[in-house]
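First residue of the sequence shown: 543, per our numbering; consecutive thereafter.
Every residue gets a Cβ at the ideal spot worked out from N, C-alpha and C, and that includes glycine.
Below: one structure, written as structure tokens.
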Amino acid sequence: MIKVPILHQPLFFLPQENCPQSLELNLRFGEKECVSSLKSCKSMREVQQVHAQMLKLGLFWNRYCVSNLIATCALSNWRNMDYASSVFGLIDDPGSFEFNTMIRGHVKEGDFETALQLFVEMLKSEVLPDNFTYPIVLKACAALCLLDLGMQIHGQLLKLAFHDDLYVQNSLINMYGKCGNISSSCAVFEEMEQRSVASWSALIAAHANLCMWWECLEIFRNLMS
Numbered sequence: 543m544i545k546v547p548i549l550h551q552p553l554f555f556l557p558q559e560n561c562p563q564s565l566e567l568n569l570r571f572g573e574k575e576c577v578s579s580l581k582s583c584k585s586m587r588e589v590q591q592v593h594a595q596m597l598k599l600g601l602f603w604n605r606y607c608v609s610n611l612i613a614t615c616a617l618s619n620w621r622n623m624d625y626a627s628s629v630f631g632l633i634d635d636p637g638s639f640e641f642n643t644m645i646r647g648h649v650k651e652g653d654f655e656t657a658l659q660l661f662v663e664m665l666k667s668e669v670l671p672d673n674f675t676y677p678i679v680l681k682a683c684a685a686l687c688l689l690d691l692g693m694q695i696h697g698q699l700l701k702l703a704f705h706d707d708l709y710v711q712n713s714l715i716n717m718y719g720k721c722g723n724i725s726s727s728c729a730v731f732e733e734m735e736q737r738s739v740a741s742w743s744a745l746i747a748a749h750a751n752l753c754m755w756w757e758c759l760e761i762f763r764n765l766m767s
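Here it is, written out as structure tokens:
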């Protein structure tokens with residue numbers, strides 16, 4: 543369920559009907575057209591125009607449309623996390639997609655603390671994280687060198703059986719390496735049934751973080767052999 547949008551908020555721009563830059567969306571504007579228009583936006587101004595049309599036609603109550611609106615605001619190169627947060631705050635029961643999008647957006651913005659706060663809020667809301675959530679959260683832990691939290695998250699991964707996911711495993715190697723726990727990086731690497739080039743690169747980077755240059759060369763030789 544989505545709360546009633548507060549139209550007088552300055553973040554929500556309603557374009558004038560005679561605005562020469564408006565998107566000229568017709569009254570048959572539907573779900574597919576909404577998402578297509580969001581994907582074609584090149585600036586926040588265009589996003590605001592699509593948002594205004596969504597409000598006018600009642601599509602803001604469509605979960606698929608509002609999820610894509612949040613994703614466009616949070617993940618585009620010209621993202622606006624304040625706007626994304628305002629839209630996100632209007633959703634009564636955000637799911638894993640919306641939480642993942644917001645967490646990822648804050649990580650891309652370098653706001654790792656807010657990303658982790660959202661992760662905690664996600665857990666308190668009893669929304670189950672998935673294999674897309676954990677790599678982003680582990681990246682935030684790595685950036686802040688939060689080893690204890692990273693280890694707690696590793697424990698969650700074991701309980702939820704996401705520890706075998708390749709992307710998650712690579713993120714664990716990176717997190718432990720950034721936090722200076724090289725033994726745990728190596729342990730995760732050794733337990734992997736499948737390894738990608740990214741796995742080897744993460745292990746090399748973990749050793750390089752501790753200036754273990756000979757070990758880096760040895761790992762590289764093993765990769766090439």
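Tell me where the alpha helix (DSSP H) around residue i begins and ends.
i    : result
S738 : Unbroken run through S738: none, as it is neither H nor E.
E668 : Neither: E668 is in no alpha helix (DSSP H) and is coded neither H nor E.
G647 : S638 to E651
C583 : Neither: C583 is in no alpha helix (DSSP H) and is coded neither H nor E.
Applying the criterion that 16 or more other CB atoms from any shown protein chain within 10 Å of the CB defines a buried residue, is residue i buried or exposed?
i    : result
E588 : buried
R763 : exposed
G719 : buried
E640 : buried
L670 : exposed
L658 : buried
C753 : exposed
A729 : exposed
S609 : buried
L691 : buried
L702 : exposed
M664 : buried
L745 : buried
Consult DSSP for residue i and reduce its assignment to one of helix, strand or coil.
i    : result
R570 : For R570, the pLDDT reaches just 45, beneath the cut-off of 50, and the residue's location in the model is therefore unreliable, although a value from the coordinates is still provided. Three-state result, R570: coil.
Out of the options, state which residue places its alpha-carbon closest to the alpha-carbon of residue i.
i    : options                   : result
R621 : A750, L632 and E651       : E651
K681 : K666, M717, D706 and P671 : M717
S726 : S713, Q736, M623 and R737 : S713
C687 : N751, S582, F674 and L617 : N751
N723 : I761, D706 and A684       : A684
S667 : P677, I695, I633 and L691 : I633
N619 : C583, S743, A748 and G600 : C583
L689 : C721, A594, D624 and Y676 : C721
T675 : A594, K598, D635 and N642 : N642
M623 : T656, F731 and H593       : T656
If you measure between the beta carbons of residue i and residue j, is that distance less than 8 Å?
i    : j    : result
M734 : Q698 : no
V679 : F661 : yes
L700 : Q736 : no
C576 : C615 : no
L617 : G647 : yes
F654 : N673 : no
I695 : M644 : no
I715 : S738 : no
Y625 : M596 : no
Check whether the Cβ of residue i lies closer than 8 Å to any Cβ atom in chain B.
i    : result
C721 : Chain labels in this structure do not include chain B; a single protein chain is all it has.
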